[in-house]
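Below: one structure, written as structure tokens.
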Amino acid sequence: MSSSPHVDLTVRDQADGRWSPRLVLLLIALAWPTQLLAAGGILGANATAGVAQAFHTTQVVWFGLTLTLVSTLLTPFVIKLGDLYGKKRVMLAMTALGALGEALAAMAGSFWLVLAGRAIAGFYGPFGALSFAAVRDVFPPRLVKQASGIMGSSVGLVALVSPFLAGRLVDGWGYRGALWFLAAATAVAFALVALLVPETPRHSFDSGFDWIGGLVLGGGLTAVVYAVGQGQSWGWSDTRTLGWLGAGIVALVAFVFVERSSAHPILDLKVLCRRPVALALTAGGLAQTVAFTMPGLAILLALYPAIPGVSAGLGWTAHHNAVVSVSWNVVMFGTGLLVSRYLRHFDARRIWCAGLAVMAVGYTLVGFYHGNELELILTSCIANIGAGVVVAGAPALVVGVVSRDEQGLGSGMLNMLISLFGAIVTAGAYAVLAADSTVVDGTAFYLDTGYSWIFWLGALVTLVALLLSLFIPPLHDPAEEDAADGTPLT
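Residue numbers (the working numbering): 34 to 523.
Okay, here's the thing in structure tokens:
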């Protein structure tokens, strides 16, 4: 049984596996702060152009990547701390720091102070590493897949509402309005977790903590992301780029040896090296990276000005972009809800692979046809049918390859890979855009060839995820797993 009697009596003993008002509120309390991360990405993307022009910088890519770097560095620590002390305590600390960081960025008078605020806000970044694992802890086993799928697919609802909100905030108050909203919304997330989420059982009882392993892993991942992010300005063959990239790779290799000799490893490499786990996490990370990253890059296309020979943006206002994007966001949300409902009754792998195929076709078409409202609506709706399957199905993949005690590790690693892949894809996309850009008064403007290639990049990454997914073995069902000690796949 769980070490938390509150959880046992109020939630997990609901053996009939039916939804109750308490479970609905609990799902909302976990989904709000989880999907606030997606809302933050959309609001941040809408604010990016304003930040670049307000501070006259060509380094605006770091407005988003700074948060990602900190999130990547902290994720291994968050996974372990959640297992050691319970996830609720860690969630509360993360949301408090997230609200503080966004408020600091909103008040900042210089670009570097904006980045400092975003760095503090990055403490909130790994929240998804705990929230999906918490679903496994506090929901009845029969509802785990459905609850995880609903929580994942709710990103479609966020994507539907957030552009309208971003339009009102950015058009009315500039980028600061978006940051102030994020600070307030994160404070609400703190309250929801404090009031509605019970403490989760501990899954690790070792008193030791592998600080060296965490720093080596987080530092290695951060160095790789930093090298990719700076590659476009330093040059990909520059010694600084190669040096940071090499240092990151060396650190990641060293991490393997550090963990093998550690008495209290921060990550269980035996779990992560199992073929089903490795395939599911890598494919899930790549696919969700595309589903989350491409819409944000599309916002650049929509909001950057249309200046012949200088900028191939569409020149829309944030509000107009929100109106146009309603169609494909409704498609994504509806697809996700439908998939969540049927995950218990069909082979999740087949649904997942079909979604990846559709998303790859969709973004290939977006690369060719994105010159006006009608073209974007038609092509993006196709892409978001696949994206709806991806965001609902990825949690089911993780649930299906790990045991309940390994859920925190699995969800955390998926979150870490999304951050890592997201940073690399984002930095790569900006590098592609920069190769076909014009700088005017310190601000970079992008031409159409660059926009086409970033969507084709998304399609290519999706195809890699599909190829890996074809080798994932049959998944197990949490409802069939013993509540005390499940048997993982080998």
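Even for Gly, the Cβ is constructed at its ideal location relative to N, Cα and C.
Notebook entry, point to check: Is there contact between the segment 322 to 337 and the segment 69 to 81, where contact requires at least three CB pairs shorter than 8 Å?
Noted result: By the Cβ criterion, the segment 322 to 337 is in contact with the segment 69 to 81, since at least three pairs of Cβ atoms, one from each stretch, lie closer than 8 Å.
Note to self: Beta-carbon within less than 7 Å of T67's beta-carbon, same chain only, minus the 5 sequence neighbours each way: which residues are those?
What the structure shows: Residue numbering aside, residue 67 sits at position 34 when the sequence shown is read from its first letter. Shown here for T67: same chain residues with a beta carbon closer than 7 Å to its own, the five before and five after excluded, namely F160, G161, S164, M184 in chain order.
Notebook entry, point to check: If you draw a straight line from the C-alpha of V472 to the C-alpha of L146, how long is it?
Noted result: On the sequence shown, position 439 is the one that residue 472 refers to. On the sequence shown, position 113 is the one that residue 146 refers to. Answer to the nearest angstrom: the Cα atoms are 24 Å apart.
Next item on the list: Could you please give me the residues that DSSP links to A425 through a beta bridge?
Entry: Position 392 of the sequence shown holds residue 425. DSSP, once it has assigned bridges, lists no residue as partnering A425.
Margin query: Under 8 Å, with one C-beta from each stretch per pair, do the segment 485 to 500 and the segment 284 to 295 reach the 3-pair mark?
Written below: Touching, no, given that fewer than three Cβ pairs across the two stretches are closer than 8 Å.
Margin query: On a Cα-Cα basis, can you pick out the residue from A62, V323, D438, H353 that is closest to L117?
Written below: As a first step, residue 117 is located in the sequence shown; it is residue number 84 there, counting from the start. A check of alpha carbon separations from L117 across A62, V323, D438, H353 identifies D438 as the nearest.
Check: Roughly how many whole angstroms lie between the Cα atoms of V40 and T233?
Finding: Numbered from 1 along the sequence shown, position 7 holds the residue referred to as residue 40. Numbered from 1 along the sequence shown, position 200 holds the residue referred to as residue 233. Residue placement at V40 cannot be trusted, given a pLDDT of 42 that sits under 50; the coordinates are not used to answer.
Check: Taking the C-alpha atoms as reference points, what is the distance between V94 and K113?
Finding: As a working note, residue 94 is residue 61 in the sequence shown. As a working note, residue 113 is residue 80 in the sequence shown. Taking the Cα positions, V94 is about 30 Å away from K113.
Item checked: Exposure label - Y375; buried when at least 16 CB within 10 Å -> Position 342 of the sequence shown, counting from 1, holds the residue named residue 375. With fewer than 16 other Cβ atoms within 10 Å, it is exposed.
Next item on the list: Enumerate in chain order the residues of its own chain whose CB-to-CB distance from G318 is below 7 Å, with the five nearest sequence positions on each side excluded.
Entry: Here residue 318 corresponds to residue number 285 of the sequence shown, with the count starting at 1. Result list for G318: L447, L450, I451, F454, in chain order.
Checklist line | Anticipated Cβ contact below 8 Å, L137 with A129, distance rounded | finding: On the sequence shown, position 104 is the one that residue 137 refers to. On the sequence shown, position 96 is the one that residue 129 refers to. About 13 Å separates the beta carbon of L137 from that of A129, a gap too long to meet the 8 Å contact definition.
Item checked: DSSP three-state assignment for A345, whether helix, strand or coil -> By 1-based counting over the sequence shown, the position of residue 345 is 312. In the structure shown, A345 sits in a strand (DSSP, three-state: E or B).
Next item on the list: Answer with buried or exposed for I505, where buried requires no fewer than 16 other C-beta atoms within 10 angstroms of its C-beta.
Entry: The sequence position of residue 505 within the sequence shown is 472, counting from 1. Counting the other CB atoms within 10 Å of its CB gives I505 a total of 16 or more, which places it among the buried residues.
Notebook entry, point to check: Looking at C-alpha atoms only, which residue of P109, G276, V283, S104 is the closest neighbour of G134?
Noted result: For the purposes of this step, residue 134 is identified with residue 101 of the sequence shown, where counting begins at 1. When only C-alpha atoms are compared, the closest one is S104.
Next item on the list: Kindly list the residues whose CB is nearer than 6 Å to the CB of Q47, restricted to its own chain and excluding five residues on each side of it in sequence; keep chain order.
Entry: By one-based count along the sequence shown, residue 47 stands at place 14. Low per-residue confidence applies at Q47: pLDDT is 45, beneath 50, and the placement is therefore not dependable, though the value from the model is reported in the following sentence. Spatial neighbours of Q47 in its own chain (CB-CB distance under 6 Å, excluding positions within 5 residues in sequence) are listed in chain order as P173.
Next item on the list: Can you give me the Cβ contacts of V434 inside the same chain, cut-off strictly under 6 Å, excluding the 5 residues immediately before and after it?
Entry: If you number the sequence shown from 1, residue 434 lands on position 401. Hits under 6 Å: P309, V310, A313, L522.
Item checked: Closest residue to A166 among A71, V356, A64 (Cα-Cα distance) -> Residue 166 sits at position 133 when you count from the first residue of the sequence shown. The residue among A71, V356, A64 with its C-alpha nearest the C-alpha of A166 is A64.
Next item on the list: Using the DSSP secondary-structure output, state which residues sit across from I340 in a beta bridge.
Entry: Here residue 340 refers to the residue found at position 307 of the sequence shown. Partner(s): S344.
Next item on the list: Use the C-beta contact count for G445: other C-beta atoms within 10 angstroms, 16 or more gives buried, fewer gives exposed.
Entry: Residue mapping note: residue 445 aligns to position 412 of the sequence shown, counting from 1. Around the beta carbon of G445, 16 or more other beta carbons sit within 10 angstroms, so the residue counts as buried.
Item checked: Residues near G155 by beta carbon distance below 6 Å, same chain, minus five either side -> Position 122 of the sequence shown, counted from the start, is the residue given in the question as residue 155. Closer than 6 Å at Cβ, skipping near neighbours: L100, V103, S104.
Item checked: Anticipated Cβ contact below 8 Å, A429 with G182, distance rounded -> For this step, residue 429 is matched to residue 396 along the sequence shown. For this step, residue 182 is matched to residue 149 along the sequence shown. Yes, A429 and G182 are in contact; Cβ-Cβ is about 6 Å, under 8 Å.
Checklist line | Outcome for V572 when other beta-carbon atoms lying within 10 angstroms are tallied against a minimum of 16 | finding: Since the first residue shown for the chain is 34 and the last is 523, residue 572 is missing from the structure and cannot be characterised.
Check: Candidates A425, V230, A477, Q263: which alpha carbon is nearest R55's?
Finding: Position 22 of the sequence shown holds residue 55. With distances taken between Cα atoms, R55 lies closest to V230.
Item checked: Unbroken stretches of the alpha helix (DSSP H), 4 residues or longer, contained in the segment 199 to 267 -> The DSSP assignment places 244 to 267 as complete runs of the alpha helix (DSSP H) inside the segment 199 to 267, in order along the chain (cut-off: 4 residues).
Notebook entry, point to check: Name the DSSP beta bridge partners of Y479, please?
Noted result: Reading the sequence shown from its first residue, position 446 is the one you call residue 479. Per DSSP, the beta-bridge partners of Y479 are S470.
Note to self: Could you tell me the alpha carbon to alpha carbon distance between K303 and G252, rounded to whole angstroms?
What the structure shows: The residue labelled residue 303 in the question sits at position 270 within the sequence shown. The residue labelled residue 252 in the question sits at position 219 within the sequence shown. When rounded, the distance between both Cα atoms is 22 Å.
Notebook entry, point to check: From which residue to which residue does the alpha helix (DSSP H) around V352 run?
Noted result: Walking along the sequence shown from the start, residue 352 turns up at place 319. Contrary to the premise, residue 352 reads as His rather than Val in this sequence. Counted as a single uninterrupted DSSP element, the alpha helix (DSSP H) harbouring H352 occupies residues 351 to 375.
Notebook entry, point to check: Can you list, in chain order, the residues of its chain whose CB lies under 8 Å from that of W349, leaving out five sequence neighbours each side?
Noted result: In the sequence shown, counting from the first residue as 1, residue 349 sits at position 316. Cβ neighbours of W349 beyond the five flanking positions: A335, L336, V357.
Note to self: For G207 and R307, I'd like the C-alpha separation in whole angstroms.
What the structure shows: The residue you call residue 207 lines up with position 174 of the sequence shown. The residue you call residue 307 lines up with position 274 of the sequence shown. R307 has its alpha-carbon roughly 48 Å from the corresponding atom of G207.
Margin query: Considering only their Cβ atoms, is the gap separating D204 from H352 smaller than 7 Å?
Written below: For the purposes of this step, residue 352 is taken as the residue at position 319 of the sequence shown. For the purposes of this step, residue 204 is taken as the residue at position 171 of the sequence shown. Result yes, Cβ atoms of H352 and D204 sit closer than 7 Å.
Checklist line | C-alpha distance - G279 paired with V458, whole-angstrom precision | finding: The residue given as residue 279 occupies position 246 in the sequence shown. The residue given as residue 458 occupies position 425 in the sequence shown. Taking the straight line from one Cα to the other gives about 19 Å.
Next item on the list: State yes or no: is the C-beta of Y259 within less than 7 Å of the C-beta of W277?
Entry: Reading the sequence shown from its first residue, position 226 is the one you call residue 259. Reading the sequence shown from its first residue, position 244 is the one you call residue 277. For Y259 and W277, yes; Cβs fall inside 7 Å.
Notebook entry, point to check: Can you tell which of A477, T274, V394, E408 has its C-alpha closest to the C-alpha of I418?
Noted result: Here residue 418 refers to the residue found at position 385 of the sequence shown. The residue with the shortest Cα to Cα distance from I418 is V394.
Notebook entry, point to check: At what residue ranges does the segment 285 to 309 contain a whole run of the alpha helix (DSSP H), taking only runs of 4 or more?
Noted result: Qualifying alpha helix (DSSP H) stretches, in chain order: 302 to 305.
Check: Once you ignore the five residues that flank L281 on each side, which residues in its own chain have a CB closer than 6 Å to its CB?
Finding: Numbered from its first residue, the sequence shown carries residue 281 at position 248. This sequence places Gly at residue 281; Leu is not what is there. Cβ within range, chain order: G253, A256, V257.
Item checked: Beta-carbon spacing of A381, L508 below 7 Å -> Walking along the sequence shown from the start, residue 381 turns up at place 348. Walking along the sequence shown from the start, residue 508 turns up at place 475. It is a contact, given that the beta carbons lie within the stated cut-off.
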